[in-house]
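In C-alpha cells:
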C-alpha cells in the first residue's frame, strides 16, 4: 500500500467513509472497501477504531452532528481549526433566534449532504460532544427567549425533530418511486388537484422554521 499508516487519522477515516456512503450507500461501506479508498490495509483502520464498524458509525454520527464540519466539502481540511474554535468559541453576539436559525440551516445542509447516513442518526443516542454542544446552544437560546425552564427541553426537541423530519421528507420526495406506485385518481381529489404544484424545499423549510420558532416562544 502506498500510504504510510502513520499519516492515517480518525478524521480522515470518517470523511472517506462518508464519501463511500454518499456515493454507494451505507450498506456498501465495508472495512476492506474503506481501506482500499485510503490506500491502507483494512487492519490499519482498527488502530483508530478497535471496536470496528460500530465505533466508526458512532464517529460518523458525531461528525455529522457538528454541521459546520459535515456540511462543508472541505470539512477534513478545516477540522483542526474547527476543533480550536469548539474549545474556545468565545461569546456569541447573535440574537437567540438567529443562532437557532443558523444552526438549523447548517444542520439541514449536513444531513442532506450525507443523507445516506441518516439511519445512523436515528438509532444512536445524542450524547456526543458535538450533540451536547448543539443542545447547549438550543437551551441557552430558548432560555434567552424567555421560555421557563420546564419548556426549554421540549422546545429544543421540537426544533431538532423539525430539521430531521424536513430532511427525511425531502430525501423521500427526491428518491426513487416505489415499484408499483398508486394511481392518483378520484379517491384522492385534493392530492390530484395539487399534484402539479412544485415544492421549493428551501423556502418551505425556512418558512416552517420561522413558524416553529414563533409558535414555541409565543407563550413565554
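Residue numbers (UniProt numbering): 1 to 220.
Heads up, the beta-carbon is just placed ideally off N, CA and C, and yes, glycines get one too.
Nearest-angstrom Cα separation, counted from residue j out to residue i
i           : j           : result
residue 79  : residue 69  : With a pLDDT of only 46 at residue 79, under the threshold of 50, the placement of this residue in the model should not be trusted; the figure read from the coordinates follows. Whole-angstrom Cα-Cα distance: 7 Å.
residue 77  : residue 139 : Residue confidence for residue 77 is low, a pLDDT of 47 falling below 50, so the modelled location carries little weight; the figure read from the coordinates is stated next. C-alpha separation (whole angstroms): 30 Å.
residue 166 : residue 202 : 10 Å
residue 209 : residue 162 : 8 Å
residue 14  : residue 197 : 39 Å
residue 31  : residue 219 : 51 Å
residue 124 : residue 60  : 11 Å
residue 199 : residue 164 : 18 Å
residue 178 : residue 150 : 43 Å
residue 33  : residue 194 : 45 Å
residue 91  : residue 128 : 22 Å
residue 82  : residue 168 : Confidence is the limiting factor: at residue 82 the pLDDT is only 48, short of 50, which leaves the residue's position unreliable, though a coordinate-based value still follows. Between residue 82 and residue 168, the C-alpha separation is close to 27 Å.
residue 10  : residue 101 : 30 Å
residue 185 : residue 152 : 44 Å
residue 27  : residue 93  : 43 Å
residue 29  : residue 122 : 18 Å
residue 24  : residue 181 : 25 Å
residue 105 : residue 206 : 8 Å
residue 187 : residue 52  : 50 Å
For residue i, the nearest candidate out of the options (CA to CA)
i           : options          : result
residue 175 : 112, 188, 143    : 112
residue 55  : 93, 218, 120     : 120
residue 95  : 67, 141, 122     : 141
residue 211 : 194, 14, 159     : 159
residue 192 : 183, 40, 11      : 183
residue 146 : 214, 53, 180     : 214
residue 40  : 185, 26, 12, 100 : 12
residue 98  : 53, 185, 144     : 144
CB-CB length for residue i against residue j, believed under 8 Å
i           : j           : result
residue 204 : residue 115 : At roughly 17 Å, the Cβ-Cβ gap does not stay under 8 Å, so residue 204 and residue 115 are not in contact.
residue 62  : residue 130 : 5 Å
residue 18  : residue 48  : So it is not a contact: roughly 15 Å between Cβ atoms.
residue 21  : residue 110 : Their Cβ separation, rounded to whole angstroms, is 13 Å, which puts residue 21 and residue 110 out of contact at 8 Å.
residue 126 : residue 65  : 7 Å
residue 155 : residue 216 : 5 Å
Limits of the alpha helix (DSSP H) - the one that residue i falls within
i           : result
residue 23  : 10 to 24
residue 44  : 42 to 48
residue 97  : 96 to 113
residue 57  : 53 to 64
residue 170 : 152 to 173
residue 142 : 129 to 144
residue 119 : 118 to 122
residue 36  : 31 to 38
Contact under 8 Å by Cβ, residue i with residue j
i           : j           : result
residue 35  : residue 45  : yes
residue 260 : residue 16  : Here the chain comprises residues numbered 1 to 220, so residue 260 is not present and cannot be evaluated.
residue 50  : residue 107 : no
residue 137 : residue 103 : yes
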